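Visitor: Pasting in a structure now, in structure tokens, and then I'll have a few things to ask.
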Amino acid sequence: MRAAASVAMLLKLSSGRQRQAVLTSHCTASILKEQIKLCLSCEGFGNRLCFLETTSNAQNVPPDLAICCFILEQSLSVRALQEMLSNTSLDESSQGGGHRTLLYGHAILLKHTHSSMYLCCLTTSRSLTDKLAFDVGLQEDSTGEACWWTIHPASKQRSEGEKVR
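Pasting the structure below:
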């Protein structure tokens, strides 16, 4: 299975009159010469593991997009993130808002809109021995580096430091 991932951004006006970026992470996979569209989804209540929601047959069964949306809580350069994580005296209120413009190479913190939990790498018994094996899911707090994700361009036409379009 080969998938080309992209991120779609929508701007939503919140009750605080500030703009929040609402993201969905989707990809297209070719399985047995058929194109299937998938979207990263989470429920957050009971089951905290993420799964792929099929959006290919949307004309027959509409996808539940409420469980596919994430708020871009914070965006930082990787260097600023490393400084923030190394400074243990910082509390959550003094972290700042980060950048308004999303750039390739930046670290982002994503909050699930449906459950208000953070997208993170979950620790499993297998991930303790194999650094490439981890589960993606939700957790209630954003402490540590497990909840931070780095944006990389999907094609060679874009480079790090360039604005995400």
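Residue numbers for the sequence shown follow the numbering used here, so the first one is 367 and each next one is one higher. Built from N, CA and C at the ideal position, the CB exists for glycine as well. All values derive from a computational prediction rather than experimental measurement.
Alpha carbon to alpha carbon, what distance is there between Leu438 and Asn423?
Guide: Taking the straight line joining both Cα atoms gives about 28 Å.
Visitor: Exposed or buried, what is Ser441 when buried is set at 16 or more other beta-carbons lying within 10 Å of its beta-carbon?
Guide: With 16 or more Cβ atoms within 10 Å of its Cβ, Ser441 is classed as buried.
Visitor: If you measure between the beta carbons of Ala476 and Leu485, is that distance less than 9 Å?
Guide: Reading the sequence as shown, one finds Leu at residue 476 and not Ala. In this structure, Leu485 lies closer than 9 Å to Leu476 by Cβ.
Visitor: For the candidate residues Thr516, Leu404 and Ser443, whose alpha-carbon lies nearest to that of Cys434?
Guide: Leu404
Visitor: Can you give me the C-alpha to C-alpha distance between Leu469 and Arg531, rounded to a whole angstrom?
Guide: 9 Å
Visitor: Does Cys434 come out as helix, strand or coil in the three-state DSSP assignment?
Guide: In the three-state scheme derived from DSSP, where H, G and I count as helix and E and B as strand, Cys434 is classed as helix.
Visitor: Find the nearest neighbour of Glu419 within the set Asp496, Ser525 and Thr390, judged by alpha-carbon distance.
Guide: Thr390
Visitor: So, are the CB atoms of Gln401 and Ala395 less than 9 Å apart?
Guide: yes
Visitor: Based on Cα-Cα distance, which residue from Gly503, Asn413, Thr421 and Met450 lies nearest to Gly510?
Guide: The shortest C-alpha separation from Gly510 is found at Met450.
Visitor: Straight-line CA distance for Ala473 to Leu447?
Guide: 7 Å
Visitor: With 16 as the cutoff for other CB atoms within 10 Å, does Cys398 come out buried or exposed?
Guide: Contrary to the premise, residue 398 reads as Leu rather than Cys in this sequence. Exposed is the label assigned to Leu398, since fewer than 16 other Cβ atoms lie within 10 Å of its Cβ.
Visitor: Could you tell me the alpha carbon to alpha carbon distance between His480 and Glu506, rounded to whole angstroms?
Guide: 13 Å
Visitor: Rounded to a whole number of angstroms, what is the C-alpha to C-alpha distance between Glu409 and Leu415?
Guide: 8 Å
Visitor: Shortest alpha-carbon distance to Gly503 belongs to which of Leu431, Phe436 and Ser525?
Guide: Taking only the C-alpha atoms, the option nearest Gly503 is Phe436.
Visitor: Assuming Ser452 is part of the alpha helix (DSSP H), what are its boundary residues?
Guide: Val444 to Ser452
Visitor: Can you list, in chain order, the residues of its chain with a C-beta nearer than 6 Å to that of Thr516? Leave out the 5 residues immediately preceding and following it.
Guide: Ala473.
Visitor: Run through the DSSP bridge pairs and tell me what Glu419 is partnered with.
Guide: Cys405
Visitor: Rounded C-beta distance between Cys487 and Phe500? I'm assuming under 8 Å.
Guide: That pair is a contact at about 5 Å.
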